[in-house]
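My numbering puts the first residue of the sequence shown at 2, with every later residue one more than the last.
Accompanying notes for the structure given below.
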Amino acid sequence: MASLKEVRNRIVSVNSTQQITKAMKMVSAAKLRRAQDAIHQMRPYAKKLAEMIATVSAQTEAGAENPFTEVREIKRALIIVVTSDRGLCGAFNANVGKAAMALVQEKYADLHAAGQVEILSLGKKGAEYLSRRGYNVNEAHTDIFTRLNFNNVREIGDAVLTSFTEKKFDVVEVIFNYSKNVATQIIQTEQLLPLVASESSDKVSAVDYIFEPSEEQIISELIPKSIKLSIFRALLESNSSEHGARMTAMDKATDNAGELIKALKLEYNRSRQAAITKEILEIVGGAEALSA
Numbered sequence: 002m003a004s005l006k007e008v009r010n011r012i013v014s015v016n017s018t019q020q021i022t023k024a025m026k027m028v029s030a031a032k033l034r035r036a037q038d039a040i041h042q043m044r045p046y047a048k049k050l051a052e053m054i055a056t057v058s059a060q061t062e063a064g065a066e067n068p069f070t071e072v073r074e075i076k077r078a079l080i081i082v083v084t085s086d087r088g089l090c091g092a093f094n095a096n097v098g099k100a101a102m103a104l105v106q107e108k109y110a111d112l113h114a115a116g117q118v119e120i121l122s123l124g125k126k127g128a129e130y131l132s133r134r135g136y137n138v139n140e141a142h143t144d145i146f147t148r149l150n151f152n153n154v155r156e157i158g159d160a161v162l163t164s165f166t167e168k169k170f171d172v173v174e175v176i177f178n179y180s181k182n183v184a185t186q187i188i189q190t191e192q193l194l195p196l197v198a199s200e201s202s203d204k205v206s207a208v209d210y211i212f213e214p215s216e217e218q219i220i221s222e223l224i225p226k227s228i229k230l231s232i233f234r235a236l237l238e239s240n241s242s243e244h245g246a247r248m249t250a251m252d253k254a255t256d257n258a259g260e261l262i263k264a265l266k267l268e269y270n271r272s273r274q275a276a277i278t279k280e281i282l283e284i285v286g287g288a289e290a291l292s293a
């Protein structure tokens, strides 16, 4: 049994940790609210833009002739993995890393064996997770969530689009956490390039658009913007999911610390009671020895 001093020190240590996790939970809750507001404002715009591109592409030949819709033999693949820069958020980052590895093994195993699959990590943890497991991390963007705005994401999108048009990659996919609610994050995988019609495209009602200046120019501007917007939306979704996961993890850590403190206090009281009982027995034993 540990000494009273050791148990007392452990109680103080766990109590300090509990205060930290409680503070981190509150900080994550405040950040989560702002992140949710940002993604809730983004979703309707992204959905409407996707519907517009699907409708216009279906009604015109410009969409089929766009270089970003070109389907070719897959010889090189780029996987964009969106994670966080910091830990303490449960299995948030590990789940994305595992999903990325599963995607590669399921669809691009031969390309991976030949070294033709590259990882673009948006977030420090994804780069660390996959590079340790032998995956080719082409580039890692860290600290992107500290300055998360569309202008910064546009640079990443431009690089991805250029790589595809120059045929450095024949397919580009993105993996990220989708925030269903505060406590639930769902891994989502989307193909960015080549741009393919979604399942809902056939359901989009025909709209008689008037094109100005031309169909080709409008499509050529809308499709790159839509792809950049998809990357930005994935980052916003991941950012919201990260704060939700961290808030949940810190809440559980706070509760666990409380349970540990109760157990340590019980152990402390038992140790103290045993020490007092031992002292009483020694005093009684000494008194009997003197009276004998």
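For each residue, glycine too, the CB sits at the ideal point set by N, CA and C.
- Boundaries of the beta strand (DSSP E) harbouring Leu121: 118 to 123, taken from the DSSP string.
- Sixteen is the threshold: when 16 or more other Cβ atoms of the shown chains lie within 10 Å of the Cβ of Lys229, as they do, the residue is buried.
- Just measuring C-alpha positions, the residue of Ser17, Glu7, Ala47 sitting nearest Ile232 is Ala47.
- By the Cβ rule, the segment 92 to 109 counts as touching the segment 184 to 197, because three or more pairs are nearer than 8 Å.
- Inclusion of Ala276 and Ala92 in the CB contact set at 9 Å is not warranted, their separation being larger than that value.
- When DSSP states are grouped into helix, strand and coil, Glu238 belongs to the helix group.
- Contact annotation, Val8 with Tyr269: C-beta distance approximately 4 Å; criterion of less than 8 Å satisfied.
- Closest by C-alpha distance to Val161, out of Ala31, Ile21, Lys263, Ala78, is Ala78.
- With at least 16 other beta carbons inside 10 angstroms of its own, Ala36 counts as buried.
- One thing to note: Glu119 has its Cβ within 9 Å of the Cβ of Ile80.
- The beta carbon of Asn94 sits closer than 8 Å to those of Thr84, Ser85, Gly88, Gly124, Lys126, Gly127, Tyr130, all from its chain and outside the five residues before and after it, given in chain order.
- Here the C-alpha atom of Ala51 lies approximately 19 Å from the C-alpha atom of Val172.
- Taken in chain order, the unbroken stretches of alpha helix (DSSP H) that lie wholly in the segment 65 to 110 and span 4 residues or more are 93 to 108.
- Separation of Ala290 and Glu283 (C-alpha to C-alpha, rounded to the nearest whole angstrom) is 10 Å.
- With fewer than three CB-CB distances shorter than 8 Å, the segment 175 to 184 does not count as touching the segment 149 to 156.
- Remark: C-beta atoms of Glu140 and Phe177 do not approach each other more closely than 9 Å.
- As the crow flies, the alpha-carbon of Ala31 is around 17 Å from that of Gln42.
- By the neighbour-count criterion, in which a residue is buried when 16 or more other Cβ atoms sit within 10 angstroms of its Cβ, Ser17 is exposed.
- DSSP, reduced to helix, strand and coil, places Ser180 within a strand of the structure shown.
- Around the CB of Ile40, 16 or more other CB atoms lie within 10 Å, so the residue is classed as buried.
- Under DSSP, Ile145 shares a beta bridge with no residue.
- Nearest to Ala114 by C-alpha distance, out of Lys168, Gly135, Cys90, Ser122, is Gly135.
- Ranked by Cα distance from Arg73, the options Asp38, Lys169, Arg271 are led by Lys169.
- Per DSSP, reduced to three states, the secondary structure at Asn150 is coil, with no helix or strand assignment.
- Here Asn67 really is in contact with Ile220; their C-beta atoms are around 6 Å apart, less than 8 Å.
- Annotation for Ile211: no beta strand (DSSP E) segment contains it, and DSSP assigns it neither H nor E.
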